[in-house]
Amino acid sequence: MTQPADTTTSKPPIVALHAGGSSEKWGRLFKEAMPEAEVRNWPEWGNRDEIDYAVAWKPPFGLLKSCTNLKAVFSLGAGVDQLITDPDFPRHLPLVRMIDSGLEEGMAEFVTLAVLSIHRDLPAYRLSQNSREWEPLEQRLTRDSRVGILGLGKLGTGVATALSPFGFKLSGWSRSPKVVDGIECYTGEEELPAFLSNVDYLVVLLPLTDETRGLLDGIRLAMLPKGAAVVNVARGPILQIEEALPLLQNGHLSHLWLDVHHVEPLPQDHWSWAHDKVTITPHVAAATLPETACGIIVSGIREFEQGREPANIVDLSKGY
Ligand code: NDP
Ligand code: OXD
């Protein structure tokens, strides 16, 4: 456990943002939500020793270490691998991850879209359209189709809730045992083969950790029933994409929907761009929107300032 820093000072906090994309909007909304703070937007971080809180998505390695008096780091993502893989990440500090209704809604929407698209053969119809072929395919019932969610956390359970009204058979896999109404729950490595062998559409929503990196190798993917599809919206390195290729080629896997990739942006020359059985999206399943997320971070900073710890502190020993 991290110790709450001595944060009970009267000095207004200095908050440094490294938001990537819409940083101007983040800066503006942050200043509105926390007028008492001094908000510094990257690259204008000024004297780094003065910074109290860093709020970041994917800062350059070493940047956080150079802020010597930080009280806490806030991840702009639900995942934190992009921060803690920095060998110089200040591991003694509390790291707060993003849990936000906007993110949960976005993910539920996106995975529903992906699963329904595959279930209703949209990728195949796109190919037929490209070659002007009128080729109706046999429709399957949702109640005969099984969706398995790897990772039954905040986003995984939200996805299950969104898919439930469609009538799919739902299952999930997590590290600790769970009982969730309407979801057949599997736990731990020993139950992974049983879980995989009962899944037609596999949704990957695990954090990237030492335990999950490369988890979906050729052997585990082959445990899926013939014709299964995989939707990876977690992190690229969880799926061993080169080991998935032969299974796509021999028809064991029917489709891969890849929102996340080993290298992002996905290199121009990667085979997956042009594969008929692969849908590529550019890591857009669920964005952290400043409109909903700013207030959450500000509340977290205020908790620290009052000598308390906010919820959602990452357990660095588990990596998520
Ligand atoms: P949570 O921490 O809430 O949930 C993670 C789930 O994975 C938990 O159920 C956890 O089990 C399970 N898990 C972790 N390690 C293991 C393991 N070794 N074996 C079995 N189960 C394991 O995370 P979120 O749901 O908030 O987010 C999931 C991931 O989604 C993020 O880490 C991020 O990588 C990705 N993401 C992708 C986005 C995109 O746009 N593509 C957007 C947002 C997030 P337990 O419940 O027992 O702890
Ligand atoms: C996240 C992401 O982790 O957007 O939030 O990938």
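The working numbering puts the first residue of the sequence shown at 50, with every later residue one more than the last. Where a beta carbon is used, it is the ideal one built from N, C-alpha and C, also for glycine. All values derive from a computational prediction rather than experimental measurement.
Contact between the region 60 to 80 and the region 93 to 103 is established, with three or more Cβ pairs separated by less than 8 Å.
Rounded to whole angstroms, the separation of the alpha carbons of G197 and P274 is 12 Å. For T328, the enclosing beta strand (DSSP E) has its first and last residue at 327 to 329. Secondary structure of H301 (DSSP, three-state): coil. In the three-state reduction of the DSSP assignment, H324 falls in the coil class, being assigned neither a helical nor a strand state.
When secondary structure is reduced to three states using DSSP, F123 falls in the strand class. Taking the C-beta atoms as reference points, G200 is found no nearer than 8 Å to A278. According to DSSP, Y369 shares a beta bridge with no other residue. The chain-ordered list of residues whose CB is nearer than 5 Å to some heavy atom of the ligand OXD reads G126, A127, G128. In this structure, L113 lies away from D149, with their beta-carbon atoms at least 8 Å apart. CA-to-CA, the gap between P143 and A121 works out to about 5 Å. A Cβ-Cβ separation of about 20 Å leaves L315 out of contact with L270 under the 8 Å criterion. The beta carbons of A243 and Y235 sit closer together than 8 Å. Among the bridge pairs identified by DSSP, H67 is matched with A105. Short of 6 Å from the beta carbon of L294, and not among the five residues preceding or following it, lies no beta carbon of its own chain.
Setting aside the 5 residues that flank it on each side, E99 is surrounded in the same chain by I63, each with a C-beta closer than 6 Å to its C-beta; the list follows chain order. Counting other Cβ atoms within 10 Å of its Cβ, A323 stays below 16 and is therefore classed as exposed.
For V164, the enclosing alpha helix (DSSP H) covers residues 150 to 168. Between V333 and the set S246, D130, D308, the nearest pair of CA atoms involves D308.
Pairing D325 with L176 gives a Cβ-Cβ distance under 8 Å. Counting the other Cβ atoms within 10 Å of the Cβ of D364 gives fewer than 16, which makes it exposed.
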